[in-house]
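Colleague:
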Ligand SMILES: Cc1cc2nc3c(=O)[nH]c(=O)nc-3n(C[C@H](O)[C@H](O)[C@H](O)COP(=O)(O)OP(=O)(O)OC[C@H]3O[C@@H](n4cnc5c(N)ncnc54)[C@H](O)[C@@H]3O)c2cc1C
């Protein structure tokens, strides 16, 4: 039977972006409801790299200091090429804050800071439409409930149903030819990686390792997609076997790390991206609906910025909404104020997410490129546009 319910602000999706948005609004004393389709909060992908810009945003959310206790700071790194007879090592510095967080730690820190009742799991939004009488947004949920909301924020990732409503089609997400496996390896007696980020490359295979704690290491492996991937992706033993096969020629300690990984965290992911030019052409808002996070700007993991950019979205969105709502009587939600707030949000975020998307897109396409000419063109573009590879970490999304 159909049930009706009225809510002021609904956030669709309880991933990193949805929780960050709810928390940012909560810090500004604005109530929201997060609807998550899964039966519990998901933390797929083991860990996430958070760099200085992400830490600034987490500090604004008030969870930075708790999370710093869960992940060691990375001080430097080395890039190792295994193609030659003798391997070549290039050390690099990490001049800004850089840590690797367990996704569960990040999600828990945000969820635990929200008032009880903010997150509703097992609540899939099937459709959203404008009520012609009340001018509210009508959300149909999988349990038959119809929610009437003044404001809808789509944080529903790459399978978004909200992006279509603001003129960004879900079908516009495109696949990379590269896929990524991610996992954890636990070293009960401590690992030998210190506080270094190590990238090893051999042919089309790249392996990155980053310590999370003194005993836990996060790693990711990128390699070209194969026709077998969809078959093996539900079986962690087969994923591991396939990774070991792609790692021929890697040092023994790297092979051991994959062999001894924690199978319950192992994941093989197809990579999708929203073309950067989509972001330039769209206002990503319509009336009192907007989108944030991967639903807006899925980029692939190549500059490790998607999650941090999603938290930045949350800060800017909440700040713009709060500025308008706090100037209204009783913090009331007026349609025109929300529209102006979303206009400001889109204006502040557009170029930031465009450049992040373009940078990640070029790196992804360089990995995908088969011809020397295409690779050279992409490298030339990157040298011209992104001479400083760390430009994105200096960005400050400002105070909440
Ligand atoms: C391989 C890989 C590695 C990465 N590494 C990094 C990294 O190191 N650093 C970094 O900053 N970023 C990284 N990223 C990017 C980062 O993971 C994403 O940008 C981030 O998780 C996006 O969060 P989100 O909340 O927008 O989307 P999601 O995490 O996809 O969350 C969307 C949520 O919405 C829910 N949902 C979807 N549809 C509905 C619906 N209709 N109703 C209700 N709920 C719904 C889903 O169940 C999900 O929980 C990586 C990405 C990949 C693929």
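Residue numbers (full-length UniProt numbering): 1 to 400.
The beta carbon of each residue, even a glycine, is placed where N, CA and C say it ideally should be.
1) When you compare the CB positions of residue 153 and residue 290, do they come within less than 9 Å of one another, or not?
2) What's the call for residue 191, buried or exposed, on a 16-neighbour Cβ count within 10 Å?
3) Based on the DSSP secondary-structure assignment, which residues constitute the bridge partners of residue 151?
4) Would the beta-carbon of residue 305 be found less than 8 Å away from any heavy atom of ligand 1?
5) Could you tell me if the beta carbon of residue 172 falls within a distance shorter than 8 Å of some heavy atom in ligand 1?
6) Do you know whose CA, among 34, 242, 70, 155, lies nearest residue 104's CA?
7) Is the beta carbon of residue 299 sitting closer than 9 Å to the one on residue 360?
8) Measure the C-alpha to C-alpha separation of residue 1 and residue 142 and round it to an integer number of angstroms.
9) My output table needs one value for residue 217: the three-state DSSP class, helix, strand or coil.
10) Taking the alpha-carbon of residue 144 as reference, which of 135, 122, 365, 235 has the nearest alpha-carbon?
11) Which same chain residues end up closer than 6 Å to residue 127 when comparing Cβ atoms and leaving out the 5 residues on each side of it in sequence?
12) Tell me, which residues are paired with residue 4 by DSSP?
13) Output yes or no for whether 9 Å exceeds the beta carbon distance between residue 27 and residue 62.
14) Using the Cα positions of residue 284 and residue 87, report the straight-line distance between them to the nearest angstrom.
15) Should residue 258 and residue 303 be called a contact, given that it needs their Cβ atoms to be closer than 9 Å?
16) Taking the C-alpha atoms as reference points, what is the distance between residue 31 and residue 229?
17) Could you have a look at residue 328 and say whether DSSP puts it in helix, strand or coil?
18) Is there contact between the stretch 13–28 and the stretch 265–281, where contact requires at least three CB pairs shorter than 8 Å?
19) Straight-line CA distance for residue 148 to residue 334?
20) Is residue 257 helix, strand or coil by DSSP?
21) Please work out which residues of its chain come closer than 7 Å, Cβ to Cβ, to residue 367, disregarding the five sequence neighbours upstream and downstream, and give them in chain order.
22) Hey, would you say the C-beta of residue 48 is under 8 Å away from at least one heavy atom of ligand 1?
23) From residue 6 to residue 198, what does the alpha carbon distance come to, in whole angstroms?
24) With distance defined between alpha-carbon atoms, name the residue in 102, 274, 40, 138 nearest to residue 170.
25) Measure the C-alpha to C-alpha separation of residue 120 and residue 14 and round it to an integer number of angstroms.
26) From residue 288 to residue 79, what distance separates their C-alpha atoms?
27) In whole angstroms, give me the CA-to-CA distance for residue 34 and residue 378.
28) Pick helix, strand or coil for residue 54, following the three-state DSSP scheme.
29) Would you say residue 299 touches ligand 1, meaning its beta carbon is less than 8 Å from a heavy atom?
30) Does the distance from the C-beta atom of residue 210 to that of residue 100 stay below 9 Å?
31) Which residues does DSSP list as the beta-bridge partners of residue 100?
32) Should residue 36 be listed as close to ligand 1, given that the test is whether its C-beta is under 8 Å from any heavy atom?
33) Would the C-beta of residue 144 count as close to ligand 1, meaning under 8 Å from any of its heavy atoms?
34) Can you find a heavy atom of ligand 1 that lies under 8 Å from the Cβ of residue 16?
Modeller: Looking at the coordinates:
1) yes
2) buried
3) 9
4) yes
5) no
6) 70
7) yes
8) For residue 1, the predicted structure reports a pLDDT of 49, less than 50, and the residue's modelled location is therefore unreliable. A value from the coordinates is still provided. Residue 1 and residue 142 have their C-alpha atoms roughly 12 Å apart.
9) strand
10) 122
11) 140
12) 146
13) yes
14) 47 Å
15) no
16) 42 Å
17) coil
18) no
19) 15 Å
20) Helix at residue 257.
21) 178, 222
22) yes
23) Near 51 Å, if we compare the C-alpha coordinates of residue 198 and residue 6.
24) Taking only the C-alpha atoms, the option nearest residue 170 is 274.
25) 9 Å
26) Per the coordinates, the alpha-carbon of residue 288 lies some 46 Å from the alpha-carbon of residue 79.
27) 40 Å
28) Correct three-state label for residue 54: helix.
29) yes
30) Cβ atoms of residue 210 and residue 100: closer than 9 Å.
31) 49
32) Checking the Cβ of residue 36 against ligand 1 gives yes.
33) Residue 144 Cβ: outside cutoff for every heavy atom of ligand 1.
34) Distance from the C-beta of residue 16 to the nearest heavy atom of ligand 1 is below 8 Å.
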